[in-house]
Amino acid sequence: SAGLDDAPREWPARRELNHDNGSAGARCVASPVGVVQESVADDLVRVMKKLAQELVIGPAYDPATQLGPVISAAHKQSVINWIDKGISEGAELVLDGRACAPKGYENGFYVGPTIFDRVSEQMTVGTEEIFGPVLCVKRCKTFEDGLAVMNANPFANGSSIFTSSGHYAREFARHTHGGMVGVNVGIPVPLAFFPFSGHKQSFFGDLHCLGRDGLRFYTQTKTVTTKWVSPHESHQAKVSTWEGTINREL
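Numbering (this note's numbering) for the sequence shown: 6 to 255.
1) Suppose contacts are defined by Cβ-Cβ distances below 7 Å. Is arginine 14 in contact with leucine 56 by that definition?
2) Spatial neighbours of lysine 146 within its chain, please: CB distance less than 8 Å, with the 5 preceding and 5 following residues excluded, ordered by chain position.
3) Grab me the residues of valine 45's own chain with a C-beta within less than 6 Å of its C-beta, minus the 5 sequence neighbours each way, in chain order.
4) Less than 7 Å between the C-beta atoms of glycine 151 and serine 165, yes or no?
5) Taking 7 Å as the threshold (C-beta atoms), are glycine 163 and glycine 183 in contact?
6) If you follow the beta strand (DSSP E) that lysine 143 is part of, which residue opens it and which one closes it?
7) Who are the near neighbours of threonine 132 in its chain, counting only those whose CB is closer than 7 Å to its CB and skipping five residues on each side?
8) Could you check whether phenylalanine 121 and valine 75 sit closer than 7 Å to each other, using their CB atoms as the reference points?
9) Measure how close the beta-carbons of phenylalanine 167 and tryptophan 16 come, nearest whole angstrom, since I'm counting them as under 8 Å.
10) Considering just the uninterrupted stretch of the alpha helix (DSSP H) at glycine 216, what are its terminal residues?
11) Taking the alpha carbon of valine 52 as the reference point, which residue from Leu72, Ile62, Asp89, Glu21 has its own alpha carbon closest?
12) Three-state secondary structure (DSSP) at leucine 255?
13) For valine 154, I'd like the list of residues in its chain whose CB is within less than 8 Å of its CB, leaving aside the five on either flank, ordered along the chain.
14) Identify which residue in Thr119, Ala69, Pro64 has its Cα closest to the Cα of asparagine 112.
15) Is histidine 204 helix, strand or coil when you go by DSSP?
16) Rounded to the nearest angstrom, what separates proline 118 and asparagine 26 at their Cα positions?
17) Is it true that the CB of valine 130 sits closer than 7 Å to the CB of leucine 94?
18) Measure the Cβ-Cβ separation of valine 61 and glutamine 71 and say whether it is below 7 Å.
19) Need the endpoints of the beta strand (DSSP E) that valine 34 sits in, please.
20) List the endpoints of the continuous beta strand (DSSP E) containing glutamate 97.
21) Within its chain, find whatever has a CB closer than 6 Å to the CB of asparagine 189; leave out the 5 residues flanking it on each side and keep chain order.
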């Protein structure tokens, strides 16, 4: 997702945390990378850290829980390994969730909300999918710089922009590689009659699910070529080699 300096701070911060920590970050439309304009990055990261620390962590069956455990001990270790790798690659660890252990559930597979700042394009931590509650913040100077950073990523399932500018919203929707686009919307999953349209390495096959693509997937097409013969044509002696096509001889 992209955050411009004309957007309010708390609106994008809450939505960034929602789609990064919902389902413990393990869903296909989670947005693990936030590209933020440099002029507001310090302030936005500060707000996101504050809000992340307020998240209620616990078992998924508790209605009060906002961040549940990951699926297994192996996956928990995988996410922790990614956090370790981000540190070794030089990212700035703003919030560390590796030691997360909610009271009464200390043996659960929990990883707390984690935020990396100043993630560069040379770091794998902000390029590959971690599939956990880890947010990587990349900084940009302008809208064009931020769009280029986002489009350089090999994945293109969904992308969002937070802005009050109609111009930038239009340009983002037009030029982003993301197949599902949000404007001031954190999780840009469309209604079921539109396609679930990821692109690049976020897409497998030749059709998207849902929408018309979903119908085409389960549809066997049939082509019928018909000609009704008038009385004066019924005695024609010559038959074209390509009778079923439109040509001058018919």
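In this text, a Cβ means the ideal position worked out from N, Cα and C, and glycines have one as well.
Remember, it's a predicted structure, so these values are computed and weren't measured experimentally.
Concretely, from the data shown:
1) Here residue 14 corresponds to residue number 9 of the sequence shown, with the count starting at 1. Here residue 56 corresponds to residue number 51 of the sequence shown, with the count starting at 1. No, these two residues do not count as a Cβ contact at 7 Å.
2) Stepping through the sequence shown from its first residue, residue 146 is reached at position 141. Contacts found: Gln42, Glu43.
3) Taking the sequence shown and counting its residues from 1, the one referred to as residue 45 is at position 40. Around valine 45: Asp10.
4) Locating residue 151 in the sequence shown gives position 146, where the first residue counts as 1. Locating residue 165 in the sequence shown gives position 160, where the first residue counts as 1. Result no, Cβ atoms of glycine 151 and serine 165 do not sit closer than 7 Å.
5) Walking along the sequence shown from the start, residue 183 turns up at place 178. Walking along the sequence shown from the start, residue 163 turns up at place 158. Contact: yes.
6) By one-based count along the sequence shown, residue 143 stands at place 138. Lysine 143 -> beta strand (DSSP E) spans 139 to 145.
7) Here residue 132 refers to the residue found at position 127 of the sequence shown. Contacts found: Asn158.
8) For this step, residue 75 is matched to residue 70 along the sequence shown. For this step, residue 121 is matched to residue 116 along the sequence shown. Going by C-beta atoms, valine 75 is not nearer than 7 Å to phenylalanine 121.
9) The count along the sequence shown starts at 1 and reaches residue 167 at position 162. The count along the sequence shown starts at 1 and reaches residue 16 at position 11. 7 Å between Cβ atoms; contact.
10) Taking the sequence shown and counting its residues from 1, one reaches residue 216 at position 211. Glycine 216 -> alpha helix (DSSP H) spans 216 to 222.
11) Here residue 52 refers to the residue found at position 47 of the sequence shown. Cα-wise, what sits closest to valine 52 is Glu21.
12) The residue given as residue 255 occupies position 250 in the sequence shown. Summary for leucine 255: the model assigns pLDDT 44, below 50, so the residue's position carries little reliability; its value from the coordinates is reported in the next sentence. In the structure shown, the three-state DSSP call for leucine 255 is coil.
13) On the sequence shown, residue 154 is found 149 positions in, with the first residue counted as 1. So the list reads Val40, Glu126, Lys143, Cys145, once near-sequence residues are dropped.
14) Within the sequence shown, the letter at position 107 stands for residue 112. Nearest of Thr119, Ala69, Pro64 to asparagine 112, Cα basis: Pro64.
15) As a first step, residue 204 is located in the sequence shown; it is residue number 199 there, counting from the start. The answer is strand: DSSP assigns histidine 204 an E or B state.
16) As a position in the sequence shown, residue 118 is number 113, starting the count at 1. As a position in the sequence shown, residue 26 is number 21, starting the count at 1. Taking the straight line from one Cα to the other gives about 7 Å.
17) The sequence position of residue 94 within the sequence shown is 89, counting from 1. The sequence position of residue 130 within the sequence shown is 125, counting from 1. It should be noted that the sequence gives glutamate, not leucine, for residue 94. Against a cut-off of 7 Å, the Cβ pair of valine 130 and glutamate 94 comes out as a contact.
18) Along the sequence shown, one-based indexing puts residue 61 at 56. Along the sequence shown, one-based indexing puts residue 71 at 66. Yes, Cβ-Cβ distance for valine 61 and glutamine 71 is below 7 Å.
19) Along the sequence shown, one-based indexing puts residue 34 at 29. Here valine 34 belongs to no beta strand (DSSP E), and DSSP marks it neither H nor E.
20) Residue mapping note: residue 97 aligns to position 92 of the sequence shown, counting from 1. 97 to 100 is the span of the beta strand (DSSP E), which, as asked, contains glutamate 97.
21) On the sequence shown, residue 189 is found 184 positions in, with the first residue counted as 1. Phe167.
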